[in-house]
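Worksheet: the structure to be examined is printed underneath.
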Amino acid sequence: MSTDDTPEADRLDGAPHPRETAALHGHAEAEAALLDAYRSGRMPHAWIVAGPAGAGRATLAYRLARFVLAHPDPAAADVAAAHDLAVDPDHPAARQVARLSHPDLLVLRRAWNPNRKTFFADIRVDEARRAVSFFGATAGAGGWRVAIADTADDFNPQAANAILKVLEEPPPRSLILLLTAAPQSLLPTIRSRCRLLALQPLDPTEVRAILAETGLGEGADEAVLEEAAAASDGSVRQAAALLAPEALALRAEVGRLLGALPAVDRVAAFALAERVAGRDGERRFAQMSEQVLDWLHARAGAAIAAGEPRLARWAELWEKTARAAREAETYNLDRRPLVLALVDDLARAARG
Numbered sequence: 062m063s064t065d066d067t068p069e070a071d072r073l074d075g076a077p078h079p080r081e082t083a084a085l086h087g088h089a090e091a092e093a094a095l096l097d098a099y100r101s102g103r104m105p106h107a108w109i110v111a112g113p114a115g116a117g118r119a120t121l122a123y124r125l126a127r128f129v130l131a132h133p134d135p136a137a138a139d140v141a142a143a144h145d146l147a148v149d150p151d152h153p154a155a156r157q158v159a160r161l162s163h164p165d166l167l168v169l170r171r172a173w174n175p176n177r178k179t180f181f182a183d184i185r186v187d188e189a190r191r192a193v194s195f196f197g198a199t200a201g202a203g204g205w206r207v208a209i210a211d212t213a214d215d216f217n218p219q220a221a222n223a224i225l226k227v228l229e230e231p232p233p234r235s236l237i238l239l240l241t242a243a244p245q246s247l248l249p250t251i252r253s254r255c256r257l258l259a260l261q262p263l264d265p266t267e268v269r270a271i272l273a274e275t276g277l278g279e280g281a282d283e284a285v286l287e288e289a290a291a292a293s294d295g296s297v298r299q300a301a302a303l304l305a306p307e308a309l310a311l312r313a314e315v316g317r318l319l320g321a322l323p324a325v326d327r328v329a330a331f332a333l334a335e336r337v338a339g340r341d342g343e344r345r346f347a348q349m350s351e352q353v354l355d356w357l358h359a360r361a362g363a364a365i366a367a368g369e370p371r372l373a374r375w376a377e378l379w380e381k382t383a384r385a386a387r388e389a390e391t392y393n394l395d396r397r398p399l400v401l402a403l404v405d406d407l408a409r410a411a412r413g
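This is the structure we're talking about:
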């Protein structure tokens, strides 16, 4: 929950929020790149922090935000002496960030819809326009202003254009961190105005350590914890989901469907659609969606590395799948036809 007990779209149930997390696992190289850029005095005003959900994007973003807000002078001696972006949790800036009360920090995310008792399907333009007024004002603490979008994948077209206006004319000492699982799906005009920082999936041992630190693995059998970490594709979010009853079996089922593409086992596809349907299938549908999105992310990454023309197709399908999953949650849609349509889309994309 947030400080006013409003549900938060960017919080993993049962775990501390990334803004409350002091430790960072697995991204020492990316952290060093951010620290070097900051103390060079030529800090880019906008970063795309890319990586799979649950791999530490938000933890790193809030870590950078705390450091910049706690040390507003890049030339200060304590910045020069820093080995990483760690900030004492008792520092006033760190406490304010944890409470979301720092005047120079803005967080953009899907808002809670109190009427429907669920989150809006995307980040709406009114939310994104807050960034325009935020960066148009003088920094409350006389230093930097930092905005974190978690995630930029959730911007609707109007919101993306509103953010673009800020990126086109950034004021001095502004820092915009756009978190994404699919940077290639963002507007080219947004990508061209940001520095890309690509995070790698976590190692299974790092996933296992985070499960222990956060309490997400509490009460689980050691063998199940190891299997969940190994099958998580480097995502703590995935690992936590895999600790639920029958979750590993569902992952194997989805994996078989994906591994057979472009061929489709219709009987298996219908069985999967039934498994994720209904009120008791909501958790299973979320797990399936995350797994498919991670698979698409990997296909897009491979296409980039190989210079394949199918990159746009994988990126478009990732965006379509993410949007369908959010809308199913928001509007309580029948998930059966969504799953069957997704399987057909995946098969077409795999055929090329």
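Per the numbering used here: the sequence shown = residues 62 to 413.
Ideal Cβ placement from N, Cα and C applies to all residues, glycine included.
Span separating the alpha-carbon of L240 from that of L247: 11 Å
Residue from E380, R256, D355, S194 with nearest C-alpha to A232: Just to set this straight, residue 232 is Pro in the shown sequence, not Ala. Of the candidates E380, R256, D355, S194, the one whose C-alpha sits nearest the C-alpha of P232 is S194.
Straight-line Cα distance separating R171 from P133: 29 Å
Straight-line gap, M62 to L85 (C-alpha atoms, nearest Å): At M62, the pLDDT of 43 sits below 50, so the modelled position is not reliable and the matter cannot be decided from this model.
Three-state secondary structure (DSSP) of T82: coil
A300 (DSSP reduced to helix, strand or coil): helix
Residue of R103, A189, D395, V404 minimising C-alpha distance to W379: V404
Spatial distance of A114 from P164 (CA atoms): 27 Å
Assigned secondary structure, M62 (DSSP; H/G/I helix, E/B strand, else coil): With a pLDDT of only 43 at M62, under the threshold of 50, the placement of this residue in the model should not be trusted; the figure read from the coordinates follows. Three-state result, M62: coil.
Whole-angstrom distance between A273 and L322, CA atom to CA atom: 36 Å
Three-state secondary structure (DSSP) of D151: coil
Closest residue to A107 among H144, V207, A116, T179 (Cα-Cα distance): V207
E390, buried or exposed, once every other Cβ within 10 Å from all chains shown has been counted against 16: buried
Any non-hydrogen atom of the ligand PLP within 7 Å of Y392 CB: Ligands displayed in this structure: none; no statement on the ligand PLP is therefore possible.
Start-end ranges of the alpha helix (DSSP H) lying completely within the region 184 to 228, minimum 4 residues: 186 to 197
Paired residues, beta bridge with W108 - DSSP: L238, R256
Residue of A292, V325, G362 minimising C-alpha distance to L407: V325
According to DSSP, residues forming a beta bridge with T275: Answer is none; T275 lacks a bridge partner.
Below-8 Å beta-carbon distance, A159 vs any chain C residue: You won't find chain C in this structure, because it holds only one protein chain.
Start and end residues, alpha helix (DSSP H) containing L311: 308 to 321
L121 - containing alpha helix (DSSP H), residue span: 118 to 131
Under 8 Å between C-beta atoms of A154 and R124: no
Residues that W17 bridges to, as DSSP identifies them: There is simply no residue 17 to check, as the chain begins at 62 and stops at 413 in what is shown.
Three-pair Cβ contact test at 8 Å for the region 133 to 149 versus the region 180 to 188: no
Contact set for T82: own chain, Cβ-Cβ below 6 Å, skip 5 residues either direction: T120
Run of the beta strand (DSSP E) containing V168, from where it starts to where it stops: 166 to 169
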